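Notes for the one structure printed next.
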C-alpha cells in the first residue's frame, strides 16, 4: 500500500482539491443533464395528489363549505376541511415564531390565497377539477392592508382565535392585531445623543414586501406505511430534522417512526424553512387513505401563500457632529407579519438580528424598537437570502448614512471611512450587544474604491450633471456606495434556538478501508454546492482527495441531527463541525501512524496527506495507508475503524462584510435604470471554493437587482394581492442582469476552526443598498433625499417629475 | 395551473378546420401556437370543450412575396418571420417587432395569426399590421372575406372575426423602397407586454416626410392607429416642434389601464416617448 510514484508536495496538495481550490461543482453533472431528483420527480405506486381550495378574499367569514359536487368528480377521493382536522387537533399548527397558523381555514379566512380545503384525488387533473367544484360561501369582512392601521382603535380584529389573549409568545400584546414589541439598546442614552447632536437626520424608510421565489416551488410526498407504522415525507425542506421534530410533536407519531427526506432542492432562499399547510394535509391524507400523497404548489400559490420576506416600515434617526462623526442611532420598525406570525427567526429574536443595524460603524449609543402587527396578507417574514432581518437593517443604515452625507455635503465613501470600526477595535462590542469577531473595513473599502476608480467616476458624474443641465443629455449618472456587516452562522445554542432546538450543526465522517470517505451533515444544499465544498474542507484537514469523499445530506434516517441550511449558517456551523469531525479522525490516525511507524505520537508531524516522522519525512504513513490499517490490523489500545461525528455549537456568530459600488445611468424620460457597472468586494473570511463564492455573489446580486428595481407585493383595499405571477413579479432573466464584477479581501474568523464566515447572503444584503443608493445618488444634486423602492420605471420617472426634470 | 378537460381535434386541411368550427359551435376554440390560449386555459379563464389545433394545416404555413405584395400564412411562427431574409429586406419592421415578442422559445411556437387574431391589446403585431395597412383574410362556412387590420379590433379580445371563421392570412403591400421604420417597446423585462410601444413607418424625400404611419401597442383596449399624429408629420421636415405635436396627438388617443407597469398617466407619457424615439429612429433609417 505504499505510494509507488514519487510526486512533489505541490502535486500532493493539488491532488487533494482542498480549501482555496475552485473545484468544479460535482452536483452539476446531474443538474446540467436534467438528471436531478426533485420532489416532483418522485413517483410512488398508487400515489394520490392533493390540491387546495384557496380563498379569493382577503378577510371573510367562511359560512359554509359544500363538498358534495367535488366528491362526485371522477377520481376525487376526499375533501378535507378544518372540521375534519379539528378532532385530530390539527386545524392549527405551530409556526416557528411561537404563533399558530390555520392549516385549513377555521371559520374565517385572513388572506387571499389562504388554504380552505384540501382535495385528494387519483391524479392532478381530477384534483384540480375537484377544487373547482367545491362551493364555499364567504361573507366579506373589512380588510387591513396597511400595517399602520392595524392597531387603530376601530381596526377589525383579525385573529379571533387569539382575541383577548394579551400575552403573546414574545411578551405583552397591546392590541388584538399586535404580535409583539421587541427592543434593544439604550433608549435614554440614544434620546440624549439625538437631543445633543449638532446634526440629526430622520427618514421613513420602507423595505417593501417581496418574495424569495425559488425556481422550484414548495411541495412534498407523504407516505404512511400502515404495516411498519413509519411515515416518510419527501419535501422541499431547508431544515429536515426540524421538520421531523415538529411533525412528531404535532402528529404524535414517535420521532423514530418519521423519516424526512429533502431530495434535490431547486433554490430555497428562506422560502422553504417553515412548515406549510400542504405538508400537514398531505400527511393527514396519506394516513387516512393509506396511499402516498403528493402536493406540489404552482407558481401563483407559491407567490401568494408561502412565506414572503421584508415588509419592514422603518424610521431611522442618526445623530452626528458637523464633521460627520455619528454619535447615536435610533431605529423604530413597524413590521407587517401578515395574518399569522410565521417568521423563521431564532426564538428569542422576534425581529431577527435587526439589531445589527449599527452596521460597520463605531456608533457609541443606539436603540431599536420593533412592533410586529397582523394584516390581511400572507404570513411569513422569512429571511430571504439574509440572516434574519439583516438586509432590512443594512438597508436602513446604508440609506441613513447616505442621507447624512448629503445633509453635510460630504462624499458617501468618505463619511463611511470616517465612521468605520477600526481594525484594531476587533473583537468589537456593538452598542446593540453583538461581538463582531473580526474585520478590516478600511482596507476593503479602499480596495473597492481603487478598483472601480471612484474618483474618475465622480469626475465623470460632475460632467454628466453639467451636460444634463445644458440640455445635452437626458441621462443622469448615479454612483451607489454601500458597506455592510453581516451577522451569520446562527448560532450559539445559549441564545439561538428554533422551537427550543439549539442551532448547533453536525457532521459525521466515515473513512472506508481503502481510503475514501462518506460524510453526512445536518444541513441541506439547495444549490449552494455543499457536495463540492464540504469535501474540500475534509480534504485539507485529513489529506483525502475531495473527489474520494461523498457528501450526503437531507435524509433524517442517516444524517446526524442539524438545524438545516439558511441564514448563511452551513459553512459557519456545519462547516466547523466538518473540520472538527475531521480533526477527531486525524487524532486517531496519528495514533495509528505512530503504531505503524513504531514511534511515539509526539514524534510525528502532519504534512498534507500524511503523518511523517519529524526530521525524517521519508518515514511516513499516508491517510490512505492509515485507513487501511484501521480496518485490517489489531492495534493495541485502539478500537478498530476510522470515523467520527461532531456536533458543533459555535461560540459566536461570524461577521462577513463587504464593500459594494454600483454605477447606474437613468433615462429620466422613461424611468429606465441601466446598471452600467457593479463591483462587489466580499470578505467572507477563509475562502473554501472561490468559484462557488463568485457564483453565490452573482446570484445574490441578481436578487438584489430584482428587489431594488421591480419586486413588490402589494395588496389593495379589499385584500387583492398584486404580483402573483412572474408576469408582474419581477424575476430578472439573463437579459436584465448586468455584468457583475467581484473581488475579495480575506479576514478569517478567529473563532471558526478554519476561519470561514459564510457568504451566501452577503450579496443580497449589500446589493440592495448599493443599487438603491445609486438611484438616489443620480438625483441627489437635484434635492432627492429618499424615495421608496422598488425603483421601477414609473416610480423613477415620478421622482424625476417631482424634481422638475421631465418635459 | 391545470386546465379543465377538453376534446382535442387536429384537422389537416382548412376545409376540415372550418367544418369542425361550424359543427362544434361556440364550445370550440382554435389553437395556433398556444401561447395565449394555453395559459388562459391553465388559469381556467378559458375552458373550451373542444380545441382545434391548426398545426397540421400546411396551407397556412407559407410566406409569399410577389413583388411588393406580401401574404403571411396564419401559422407562420415569429421565428420564421425573423428568419425570412427576403421579408426582412423589404419590411424590416416585422423582424424588429418580432424580436421584441417574448423570448426565442416562445417565438419558435408563437404564430403571426394567433398574435393578430386573439385580440389581446398586449400583443405587438396588431399595431404593426395596422401601421403597415394590412388586411386579414378570414375563411368561414360561407367562404372567404377580407377585413382591414384597422377595422378588425373592437375591444379587448373582441374582433371582427366570427366564431366560425378562421383567420388564414395577413396581406399587405411592402412599404416603399427607401422607407424608414422602427418598433420601440418599453417593457419591464423580457417576456413582458409593453408599458407602451410604437411602430413607425416613414417615407422621406428631399428632407421632408412624404408619408407616415404610426401604430401604438397596449395603450388602449385595442391596438391604435395614430392617424392624426401621422398626418401631422407629412409635409414636415420632422423638426422638433412637429414631432412634439405628433407625440401629443398620439398620446391623445391612448387610454391605457393602470397596472403593474404604472398608472395611466405614466403609460400615456411613455407612449409619446416611444413615438418620438421611433420617429427619430425611422428617420435615421430612411434613405
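Chains as they are written, first to last, in our numbering: chain A, 352 to 1158; chain B, 474 to 760. Virtual Cβ for every residue (Gly too), placed ideally from N, Cα, C. Just so you know, these numbers come straight off a predicted model, no measurement behind them.
Any C-beta of chain B under 7 angstroms from that of residue i
| i | result |
| --- | --- |
| residue 391 of chain A | no |
| residue 649 of chain A | yes |
| residue 1159 of chain A | Since the displayed chain A opens at 352 and closes at 1158, residue 1159 of chain A lies outside it and no answer follows. |
| residue 585 of chain A | no |
| residue 1079 of chain A | yes |
| residue 476 of chain A | yes |
| residue 352 of chain A | Its pLDDT being 46, under 50, residue 352 of chain A is placed unreliably in this model, and the value from its coordinates should be taken loosely. Closer than 7 angstroms: no. |
| residue 646 of chain A | no |
| residue 655 of chain A | no |
| residue 1138 of chain A | no |
| residue 1084 of chain A | yes |
| residue 1145 of chain A | yes |
Neighbour flag for residue i against chain A, beta carbons, 7 angstroms
| i | result |
| --- | --- |
| residue 568 of chain B | no |
| residue 753 of chain B | no |
| residue 507 of chain B | no |
| residue 762 of chain B | Outside the displayed span of chain B (474 to 760) sits residue 762 of chain B, for which this structure offers no information. |
| residue 514 of chain B | no |
| residue 475 of chain B | yes |
| residue 746 of chain B | yes |
| residue 739 of chain B | yes |
| residue 595 of chain B | no |
| residue 659 of chain B | yes |
| residue 708 of chain B | no |
| residue 733 of chain B | yes |
Beta-carbon proximity of residue i to residue j, cut-off 7 angstroms
| i | j | result |
| --- | --- | --- |
| residue 771 of chain A | residue 740 of chain A | no |
| residue 584 of chain B | residue 610 of chain B | no |
| residue 467 of chain A | residue 482 of chain A | no |
| residue 562 of chain A | residue 492 of chain A | no |
| residue 421 of chain A | residue 427 of chain A | yes |
| residue 806 of chain A | residue 791 of chain A | no |
| residue 666 of chain B | residue 595 of chain B | yes |
| residue 789 of chain A | residue 1112 of chain A | no |
Check: residue i C-beta below 6 angstroms from any heavy atom of the ligand PLP
| i | result |
| --- | --- |
| residue 650 of chain B | Among the ligands in the structure shown, none appear at all, so the ligand PLP cannot be discussed. |
Cα-Cα separation, residue i to residue j
| i | j | result |
| --- | --- | --- |
| residue 486 of chain A | residue 453 of chain A | 20 angstroms |
| residue 512 of chain B | residue 1075 of chain A | 14 angstroms |
| residue 632 of chain A | residue 510 of chain A | 22 angstroms |
| residue 649 of chain B | residue 702 of chain B | 20 angstroms |
| residue 994 of chain A | residue 836 of chain A | 37 angstroms |
| residue 978 of chain A | residue 972 of chain A | 10 angstroms |
| residue 1051 of chain A | residue 370 of chain A | 22 angstroms |
| residue 658 of chain B | residue 692 of chain A | 42 angstroms |
| residue 756 of chain B | residue 672 of chain B | 13 angstroms |
| residue 985 of chain A | residue 991 of chain A | 7 angstroms |
| residue 307 of chain A | residue 574 of chain B | For residue 307 of chain A there is no data in the structure shown, the boundaries of chain A being 352 and 1158. |
| residue 592 of chain A | residue 603 of chain A | 16 angstroms |
| residue 734 of chain A | residue 717 of chain A | 23 angstroms |
| residue 703 of chain A | residue 558 of chain A | 15 angstroms |
| residue 499 of chain B | residue 627 of chain B | 19 angstroms |
| residue 413 of chain A | residue 437 of chain A | 16 angstroms |
| residue 772 of chain B | residue 464 of chain A | Absent from the structure is residue 772 of chain B, since the part of chain B shown begins at 474 and ends at 760. |
- May I have a chain-ordered list of the alpha helix (DSSP H) segments no shorter than 4 residues that lie completely inside the region 541 to 618 of chain B? Uninterrupted alpha helix (DSSP H) stretches at least 4 residues long and entirely within the region 541 to 618 of chain B occur at 551 to 556, 558 to 563, 565 to 571, 577 to 580, 585 to 590 and 598 to 604, given in chain order.
- Mind pulling the alpha helix (DSSP H) runs of 4 or more residues that sit fully within the region 988 to 1076 of chain A? 1041 to 1060
- At a Cβ cut of 9 angstroms, what residues of the region 662 to 684 of chain B count as close to chain A, listed as they run along the chain? Cβ contacts with chain A: 662, 663, 664, 665, 666 and 668.
- Residues, ordered as in the chain, of the region 1086 to 1101 of chain A that lie near chain B by beta-carbon distance below 7 angstroms: 1086 and 1087
- Taking a Cβ distance cut-off of 7 angstroms, strictly less, list which residues of the region 1042 to 1071 of chain A are near chain B, in chain order. 1061
- Task: Would you list, in chain order, the members of the region 995 to 1021 of chain A that have their beta-carbon closer than 8 angstroms to a beta-carbon of chain B?
- Result: 1020 and 1021
- Item | Contact list for the region 812 to 845 of chain A against chain B, Cβ threshold 9 angstroms | none
- Identify every run of the beta strand (DSSP E) within the region 902 to 967 of chain A, keeping only runs that are complete inside it and at least 3 residues long; order them along the chain. 955 to 958 and 961 to 964
- Item | chain B contacts made by the region 482 to 510 of chain A, where a contact means CB separation under 8 angstroms | 483
- Item | Contiguous alpha helix (DSSP H) assignments of at least 4 residues, all confined to the region 741 to 828 of chain A | Runs of the alpha helix (DSSP H) inside the region 741 to 828 of chain A: 741 to 759, 763 to 770, 792 to 803 and 805 to 820.
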